[in-house]
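Residue numbers (mature numbering (1 follows the signal peptide of the UniProt record, and there is no 0)): -18 to -1, 1 to 126.
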């Protein structure tokens, strides 16, 4: 019963993808959803600082039609840097754990895909430029 409810919630949530991507910040829920739907998780490591890289990622990668099409095949998780003062205590714990495990060099912004068991699929993309964005989109297409 829980799986059915979870699937229904995910289907309703995916309707919002037409306009904006639906990034969750709740690691525990994302993990449950990924396991229930057997979908990989795309982690977006971000910080409060606005950099050219984050602008490029938002304007080129996240707004690309190919990414929007692929986004219904993955679960999106936004991992905020620990500098974000708006994080709840629980979010800080999860962010700290995820950054320590998957983004040890604390590079922001960055992207990494993992499977529902937490195993990395590919490498952390933190060198944000037009060529790497295109390459990462192609990588996602081959893995999904």
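We treat Cβ as the ideally placed atom computed from N, Cα and C, and that holds for glycine.
Quick caveat, the model's predicted, so the values are computed rather than measured.
What do you reckon, are the CB atoms on residue 6 and residue 64 nearer than 8 Å?
For this step, residue 6 is matched to residue 24 along the chain shown. For this step, residue 64 is matched to residue 82 along the chain shown. Going by C-beta atoms, residue 6 is not nearer than 8 Å to residue 64.
Can you name, in chain order, every residue of its own chain whose Cβ lies under 8 Å from the Cβ of residue 125, other than the five neighbours on each side?
Along the chain shown, read from residue 1 onward, the residue named residue 125 stands at position 143. Here the set comprises 22, 95, 103, 104.
Runs of 4 residues minimum, wholly inside the segment 10 to 73: which ones carry the alpha helix (DSSP H) assignment?
Within the segment 10 to 73, the complete alpha helix (DSSP H) runs of at least 4 residues are 34 to 38, 47 to 52.
Where does residue 75 land, buried or exposed, given buried means 16+ other C-beta within 10 angstroms?
The sequence position of residue 75 within the chain shown is 93, counting from 1. Under this definition residue 75 is an exposed residue.
Under 8 Å between the Cβ atoms of residue 89 and residue 108?
The residue given as residue 89 occupies position 107 in the chain shown. The residue given as residue 108 occupies position 126 in the chain shown. Yes.
Tell whether a beta-carbon distance below 8 Å holds between residue 44 and residue 91.
Reading the chain shown from its first residue, position 62 is the one you call residue 44. Reading the chain shown from its first residue, position 109 is the one you call residue 91. Not in contact: residue 44 and residue 91 (Cβ atoms no closer than 8 Å).
Residue 93: which of 17, 121, 8 sits nearest, CA to CA?
Taking the first residue of the chain shown as position 1, residue 93 is located at position 111. Ranking 17, 121, 8 by Cα distance to residue 93 puts 121 first.
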